[in-house]
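The structure under discussion appears below in the form of structure tokens.
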Amino acid sequence: MEAIVRKMEIKDLDDVVLIEEISFPTPWSKSAFEKELKKNLLAKYLVVTLEEKVVAFGGMWLIVDEAHVTNIAVHPDYRGKQLGKLLVEGMIKEAHSIGMLRMTLEVRRSNIVAQNLYKALGFLFCGVRPGYYQDNGEDAIIMWRDIE
Ligand SMILES: CC(C)(COP(=O)(O)OP(=O)(O)OC[C@H]1O[C@@H](n2cnc3c(N)ncnc32)[C@H](O)[C@@H]1OP(=O)(O)O)[C@@H](O)C(=O)NCCC(=O)NCCS
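Heads up: the sequence shown begins at 4 in our numbering, then just goes up one per residue.
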């Protein structure tokens, strides 16, 4: 099965919200994603599909020359199959194509799987936001990567 990375569309949102709800303790609503796609000119969202089924998605806000990642998730049934890597590589490529020079994100201190993914793709630790996550007060690790 060939995995395809493409821009997120409104028709993808039911699948996206399902993945979001399974993946995060304080998930974004469908209307939040709708607003991002329709109104936020700084937002870029991508999905990964397998035979047209949406299995992963990621988003970023383009602020001057920096891409700030908003969310990244792979459906649990499809994790560990290199789709997260494919998605983030696609986001880096997209950010590069529109002139971004750096990409940054926050990740929970306990989320070692995601940290490993980002490290494997060249992101470096560059700081901590103490107590950043409101649901449990967990620290956020800030990671950065230059985009050549
Ligand atoms: C984090 C997440 C996106 C990773 O996606 P994935 O498709 O499972 O990851 P991949 O198969 O592409 O793996 C890429 C790298 O991540 C790391 N990784 C993946 N699964 C791992 C595991 N179970 N344990 C440790 N590291 C792991 C490895 O470094 C791996 O590279 P390798 O296979 O060359 O060793 C996915 O687990 C997810 O959606 N988690 C829930 C939501 C989330 O935490 N999002 C990130 C918020 S910052």
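Ideal Cβ positions, reconstructed from N, Cα and C, are used throughout, including at glycine.
Here the structure is a predicted model, which is why all the values come from computation and not from measurement.
Inclusion of LEU86 in the 7 angstroms shell around ligand 1 follows from its C-beta lying nearer than that to a non-hydrogen atom of the ligand.
Three or more pairs of CB atoms, one per stretch, sit closer than 8 angstroms, so the stretch 66-83 contacts the stretch 103-112. In this structure, DSSP gives ASN119 a helical state, which the three-state scheme calls helix. Scanning its chain for C-beta atoms nearer than 8 angstroms, with the 5 sequence neighbours on each side dropped, one finds around GLU141 the residues ARG111, ARG112, SER113, GLY134, TYR135, in chain order. For ASP17, the enclosing alpha helix (DSSP H) has its first and last residue at 16-26. ALA35 counts as exposed, since fewer than 16 other beta carbons sit within 10 angstroms of its beta carbon.
Here ILE101 is exposed. Its C-beta has fewer than 16 other C-beta atoms within 10 Å. Beta-bridge analysis with DSSP links ASP149 to ARG105. Remark: the C-beta of ARG82 is in contact range of ligand 1, defined as less than 7 angstroms to any heavy atom. Sorting LYS14, LYS122, LEU90, LEU40 by C-alpha distance to the C-alpha of VAL50 places LEU90 at the top. Burial state of ILE115 is exposed, judged by a 10 Å Cβ sphere holding fewer than 16 other Cβ atoms.
When the beta-carbon positions are compared, GLY62 and LYS41 stay at least 8 angstroms from each other.
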